[in-house]
Amino acid sequence: MSEPRFGLAALGDGAGGFVIDEIAVRAPQAGEVRVALQAAGLCHTDHASLHWPGPLVLGHEGAGVVESVGDGVTAFRPGQRVLLNWALPCGRCPQCRRGRGSLCERTHGVDPTLGSSSPPPGHTHWRGQAVERSFRLGTLAQFTLVRAEALTALPATLPMRCACILGCGVMTGVGAALNVAAVQAGDTVAVVGCGGVGLSVVQGARLAGAGRIIAIDRRPEALQRAQSLGATHTLRAPDDDPRHEQLAAAVRALTDGRGADHAFEATGVAALAFLPLKLCRHGGHAVQLSGAHGPQTVEMPEFWWDKRYLVPLYGGCQPERDFPRLIDWALRGELQLDRMVTHTYALADLGRAFDDMLAGRSAKGVILFEPVIDPLGD
Ligand SMILES: [Zn+2]
Ligand SMILES: [Zn+2]
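Note that the sequence shown covers residues 2 to 379 in our numbering.
Spelled out as structure tokens, the structure:
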């Protein structure tokens, strides 16, 4: 197992395009694991990363089977089914010591693609040159090399096509509700945008026992999906409502005139980044999940007392706490992943998968790989 493994991967070219070609992934060294991917979910971030300096192995949500392990890795063995995650808290920096591992300064410090917790550069080659991977994972590939800390064991009863989306979109949405906003039983919640992350917020709010969960979108099928996953009310966002006054009034009408205790924005539309401030009550939480960057203008037409505006990274993920419980909820059917995975594709159809995601046709699209390693039966 000391030889490199060759497999197909999707690589961004830094100019908005990608190629599918063969990469070589070296054998694992001490503390490392080489994984044969079986399923990889798509996030909007994957499309955005087509513009990051390439070549870059794409993909940061994935599940697969351990192909080989390096010295000292005792928690995993070849054939084991595993989930990948991109938060690798060091446990020692000031953020980690405060329990904010998702903001680890050693992992996310200077260059988000070169965390100290990742194997050192030079592990993955394409056309003879070393390449980096999206979020230090690169899950849109048949093989990847990670440190063992990036893995959580998966039970055989959770299908790969469902499990893989736990690694980013579901963690981000459920974690925003439970870890960041800390939704409490009986609270009111408004969620703008019912794609993969928004639907995960809806499920997180339901798991927290929220009293009212108001799902907001323009697409009737997205609202139906939100309802099937726990939304108690749905609002079709009005077409001609540039300052969102109608929408805010509709949310107030459903929350005893107060506004939601927690309002989330998960549309990916930068211009809506501050909408949650309009939808939540005084002292409430406004949570922006689009990862919108760059200058945005916000109007302050009224007094917004004690509102808190939050832009969480990775749903406040603490891998050792969060992934086992997400997996548990999924096994018990309390976290429904099947209904979120609306489309599956072969790697060769990645272009179509991006089109479906950008057009809003898919809630979660998942790329499925031909298995190259048989999983253990346990
Ligand atoms: Zn740290
Ligand atoms: Zn993501």
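All residues carry an ideal CB built from backbone N, CA and C; glycine is no exception.
Per DSSP, which one or two residues make a beta bridge with Ala191?
Ile215, Ala264
Going by beta carbon distance, what residues of the same chain come within less than 6 Å of Val20, once the five residues before and after it are set aside?
The answer, listed in chain order, is Leu12.
Taking the alpha-carbon of Val70 as reference, which of Gly139, Glu335, Glu4 has the nearest alpha-carbon?
Minimum Cα distance to Val70 is reached at Glu4.
Is His263 near ligand 2, with its Cβ less than 7 Å from a heavy atom?
no
Can you determine whether any heavy atom of ligand 2 sits closer than 7 Å to the C-beta of Gly260, and answer yes or no?
Distances from the CB of Gly260 to the heavy atoms of ligand 2 are all 7 Å or more.
Taking DSSP as the reference, what is the three-state secondary structure of Ala364?
coil
Give the range of the alpha helix (DSSP H) segment to which Asp357 is assigned.
351-359
Beta-carbon gap between Gly17 and Gln39 smaller than 8 Å
no
Reduced DSSP category for Gln289 - H, G, I as helix; E, B as strand; rest coil:
strand
When every heavy atom of ligand 2 is checked, does at least one fall within less than 7 Å of the C-beta of His52?
no
Reduced DSSP secondary structure (H/G/I, E/B, other) of Ser3:
coil
Neighbourhood of Arg1 by C-beta, 6 Å cutoff - its chain only, sequence neighbours within 5 removed:
The structure shown does not extend to residue 1, since the chain is modelled only from 2 to 379, so the question has no answer here.
Which residues in the same chain have their Cβ closer than 6 Å to the Cβ of Ala191, if we skip the five residues on either side of it in sequence?
Ile215, Val252, Ala261, Ala264, Leu280
Would you check if there are 3 or more beta carbon pairs closer than 8 Å linking the region 339-347 to the region 309-325?
no
Is the distance from the Cβ of Phe144 to the Cβ of Ala37 below 8 Å?
If you check the CB distance, Phe144 and Ala37 come in under 8 Å.
Using the Cβ count rule (16 or more neighbours within 10 Å means buried), how would you classify Gln185?
exposed
Taking 8 Å as the threshold (C-beta atoms), are Lys365 and Gly42 in contact?
yes
Cβ separation of Leu84 and Thr153, assumed to be a contact under 8 Å, to the nearest whole Å
5 Å
Excluding sequence positions up to five away, which residues of its chain have a Cβ less than 7 Å from the Cβ of Gln130?
Same-chain partners within the cutoff: there are none.
Range of the contiguous beta strand (DSSP E) that encloses Ile24
19-26
Continuous alpha helix (DSSP H) stretch holding Glu246: start and end
246-254
How would you write the range of the beta strand (DSSP E) that Ser69 sits in, first residue to last?
63-70
Buried or exposed: Met301, going by 16 or more other Cβ atoms within 10 Å of its Cβ?
Exposed, because fewer than 16 other Cβ atoms sit within 10 Å of the Cβ of Met301.
Tell me which residues pass a beta-carbon proximity test against ligand 1: closer than 7 Å to any heavy atom, given in chain order.
Every residue with a CB closer than 7 Å to a heavy atom of ligand 1 is listed here in chain order: Pro90, Cys91, Gly92, Arg93, Cys94, Gln96, Cys97, Gly102, Cys105, Glu106, Arg107, Thr108.
May I ask you to check if the CB of Gly17 is nearer than 7 Å to at least one heavy atom of ligand 2?
no
Quick one: does the C-beta of Gly170 sit closer than 7 Å to a heavy atom of ligand 2?
yes
Classify Trp127: buried if its beta carbon has 16 or more other beta carbons within 10 angstroms, exposed otherwise.
buried
Counting beta carbon pairs with one atom in the region 162-171 and one in the region 267-278, are three or more of them shorter than 8 Å?
No, the region 267-278 does not touch the region 162-171.
Is Glu62 close to chain D? Criterion is C-beta to C-beta, closer than 8 Å.
No chain D is present in this structure, which holds just one protein chain.
Cutting at 7 Å between CB atoms, please list the residues of its own chain near Gly212, excluding the five before and the five after it.
Gly187, Asp188, Thr189
With 16 other Cβ atoms within 10 Å as the buried cut-off, status of Trp306:
exposed
Measure the CB-CB distance between Ala88 and Tyr315 and report whether it falls below 8 Å.
yes
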